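Chains as they are written, first to last, in our numbering: chain A, 73 to 538; chain B, 56 to 234.
Below: the structure, in C-alpha cells.
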C-alpha cells in the first residue's frame, strides 16, 4: 500500500485555512451590540482621534482658503490653459466619484449576491461613498467659473427662458451624480435607523438620547416594521446596483462622447466602472486596516475580509489592465494617425513618465496579490492599496492631460502644470473626506450592529418538531 | 364604541429567536390576532408567524419608478421639442437615445425615494411615542432580547387567561404594558 501523500491543505484543513470566519467565535447578540456601540458611547476621546481630526480639519481649512481665493480671482489661479481646459478639477472629480463606488458595490451588489462578509464593512464603506461623493461634487461646482450660478444646470422655469441641453453628457452627469448622492444618502440612513434605536436605548446621556431618538424616529423593532424594512432595503439595493454602474458609465461619457483622440473610445464605460471599483476597494482597505487596529475590531473585520477585498482589487485591476491594453490596441488598429500619435505621445511624450508610473502602480503592483502570503500581510496590503489609490489618480491625469495637451494641430499644443492652488484644493478635499470620516466614527456606529447580529450562528431559527 | 382597555397589553420576553417564533406561532394558533413581536434584528419567519404576510411596498416602489420614468422622459421631450427647440448638429429634436441616461436616473431617484418614504409611511414612522417603551426592560429589544406583546384590544384578550397562556410558553418574563 502506498503511503498516504499529504498534500498541503487538503480537505477540511484547506477550507479552514482558506476561510477565516467573518465573525470571531464566541460573540453573542449582547457582546456585538456592546462592543460596537461602546466606540460611540464612550466618554473619552482618544488621543489618536484628536490628532487625526486636527490634521484633517487643518487640511479642510486649507480647502476653504483655496476655494475662497478661487471665488475671488476665478479659475485663472489654476494651471488650466488652452488646450488643457480640464485639469485637476475633472481629474479629482473622477477620482473621488470612483472611490465612492466601492461603498455602493459592497452595500448593494454584495447584498444581492448574498455575500455575508460584507456586513461588517458596509456601513463605513457607505459613509466613505457619501463623503467621497461630497468631495467629488465640489469640483464640477467650482470649476464652472461662477459657482453661484451652478443651479442653472438644473431644469427649472426661469426668466431667461432657457433650458438645459439634454443631449449633453455634462447634463447627464448632473442628474447621475445628484441621483447617486441622494440614493446613497437614503440607503445609508435607512441602514442606520435600527442602530440609531440601539444607541438611543443604550446611551446614558440625555442629549444623546434625544438626538439619537429623533433620528431613529421611534423605531421599535416590530416584526411588521422589520418585514417592510427588509423589502425596502432589498429594493434599494436592487435600484442602487444599476445606478452605480450608470454613474461611472455617464462619467466616462463626458469623455467618450467627445471626438478627442484618447477619449473617443467605446471601451470607456466598462473600463471606468472597473477602475472605480478598483480604486474604491483600495480606499476601503486603506481605511479599514488602520481602523480595525485602532478600535480593536479584528473580531469583526477579519483577515477574511481583507483577503476578499484584495481579491476584488486584483480582479478589477486586471480588467483595468485589459482596458489599457485595448486602448493601445485600438489606437493602432484604427489606422487613425491622430489616435496612433496620441498613444505614442502618451507612452513616450513629455508625460511618458506619468504613464510609466501608472502601469507600475496599477498593473504591476497588484500582481503581488496573486499570493496568499501577501494578501495575509496587513502591512503589504496597506502599501499596495496606497499604491493603487495613487495609481488611479495618475490614470485620470493621463486620460485628461495627455489627450488634451497635443490634439489635432501642433500649433495648439501646450504643456499643463498644476499650480499650488490646484494642489491645495485637491489635498484639501482629502482633508475634508478624512474629517468627515473621523466625525462619523465618533458619533455613529461604524459597523452595522443589527446586521452583525443576524450573521451570528445564534440568529438561526431552529426547526422545532411539533 | 368600545371602552379603551385599561392597559396596552401583556408583554412576554424571550431569549432566543427560536423561542419567539415558536411562541408567536402558538399565540396565532390560539386565536390571538392583535399582537406584535419586537426583535433586535429581522427574523425571516416571524412576520408570517404573527399573521403578517403581505406588504404593499413593492407596488409603491413600482409607482414611484413609473412616475420617475414618465416624468423624466416627459420633461426632456417637452423641453427639447416643445418649449426650447435647439438644433444641435442637425440631430432631430426628439433625439430619444440621448434622453435615456437622464430618464434612467430620474426613474431610480423616484423609485428609491418611494421605497424609503413608503417604508416609513407604511410603518407609521416617525412615531415619537409608543406604549411599548413604557416597559423598562424594552430597551433590550434593540440589544439581545425578543418581545411578544398581545394587545388588550384583541377580542380574545383576558388579563388572567392571556397571562396564564403567555406563561405557558415559558418566557423569561411577562409584564403589563400601560398606555
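Using N, Cα and C, we set each Cβ at its ideal position, and we do this for glycine too.
Model, not experiment: these values are computed from the prediction.
DSSP state of residue 203 of chain A mapped onto helix, strand, coil: Residue 203 of chain A carries a helical assignment under DSSP once its states are collapsed to helix, strand and coil.
Residue 206 of chain B versus residue 63 of chain B: straight-line alpha-carbon distance, rounded: Take the alpha-carbon of residue 206 of chain B and the one of residue 63 of chain B: they are about 6 Å apart.
Beta-carbon gap between residue 320 of chain A and residue 348 of chain A smaller than 7 Å: At a Cβ-Cβ threshold of 7 Å, residue 320 of chain A and residue 348 of chain A count as neighbours.
DSSP three-state assignment for residue 264 of chain A, whether helix, strand or coil: helix
Run of the beta strand (DSSP E) containing residue 93 of chain B, from where it starts to where it stops: 90–93
C-alpha gap between residue 346 of chain A and residue 289 of chain A, whole angstroms: 38 Å
Below-7 Å beta-carbon distance, residue 262 of chain A vs any chain B residue: Yes, residue 262 of chain A counts as interfacial toward chain B.
Simplified DSSP assignment, three categories, for residue 105 of chain B: coil
According to DSSP, residues forming a beta bridge with residue 481 of chain A: Answer is none; residue 481 of chain A lacks a bridge partner.
Option in B/89, B/172, B/215, B/230 with minimal Cα separation from residue 114 of chain B: B/172
Chain B contact residues for residue 289 of chain A, given Cβ-Cβ distances below 8 Å: 175, 180, 181, 182
Residue burial classification, residue 213 of chain B (beta-carbon count within 10 angstroms, cutoff 16): exposed
Beta bridge counterpart(s) of residue 65 of chain B as assigned by DSSP: B/205, B/231
Residues, ordered as in the chain, of the region 101–124 of chain B that lie near chain A by beta-carbon distance below 7 Å: 101, 102, 105, 107, 110, 112, 113, 116
Proximal residues of chain B, C-beta to C-beta of residue 318 of chain A below 9 Å: Per Cβ cutoff of 9 Å: 156, 159, 160, 163.
DSSP state of residue 150 of chain B mapped onto helix, strand, coil: coil
Unbroken stretches of the beta strand (DSSP E), 3 residues or longer, contained in the region 433–487 of chain A: Here no run is fully enclosed.
Residue 223 of chain A versus A/232, A/231, A/213, residue with shortest Cα-Cα distance: A/213
Rounded straight-line distance, which links the Cα of residue 273 of chain A to that of residue 247 of chain A: 39 Å
The region 502–519 of chain A touching the region 197–214 of chain A, judged by at least three CB pairs closer than 8 Å: yes
Close beta carbons around residue 91 of chain B, own chain, < 7 Å, minus the five adjacent residues each side: 105, 204
Exposed unless 16 or more other CB atoms sit within 10 angstroms - verdict on residue 388 of chain A: With 16 or more Cβ atoms within 10 Å of its Cβ, residue 388 of chain A is classed as buried.
Reduced DSSP secondary structure (H/G/I, E/B, other) of residue 135 of chain B: Residue state, collapsed to three classes: helix.
Contact check, residue 162 of chain A vs residue 472 of chain A, beta carbons under 7 Å: yes
Residue 135 of chain A to residue 186 of chain B span [Cα, whole Å]: Computed Cα separation, rounded: 49 Å.
Contacts around residue 131 of chain B, its chain only, beta-carbon distance under 8 Å, and the 5 residues preceding and following it disregarded: Excluding sequence neighbours, residue 131 of chain B sits near 154, 157, 158.
Meets three-Cβ-pair contact criterion under 8 Å: the region 269–286 of chain A and the region 187–197 of chain B: yes
CB contact below 7 Å: residue 224 of chain A versus chain B: no
For residue 139 of chain B and residue 233 of chain A, the rounded distance between their alpha carbons: 8 Å
7 Å Cβ cutoff, residue 253 of chain A in contact with chain B: no
Check whether residue 300 of chain A and residue 174 of chain B have beta carbons under 7 Å apart: A distance below 7 Å separates the beta carbons of residue 300 of chain A and residue 174 of chain B.
Beta-carbon neighbours of residue 98 of chain B, restricted to chain A and to distances below 8 Å: Taking the beta carbon of residue 98 of chain B as reference, the chain A residues within 8 Å of it are 295, 298, 531, 533, listed in sequence order.
Identity of the residue in A/166, A/532, A/144, A/160 nearest residue 208 of chain A by Cα: A/166
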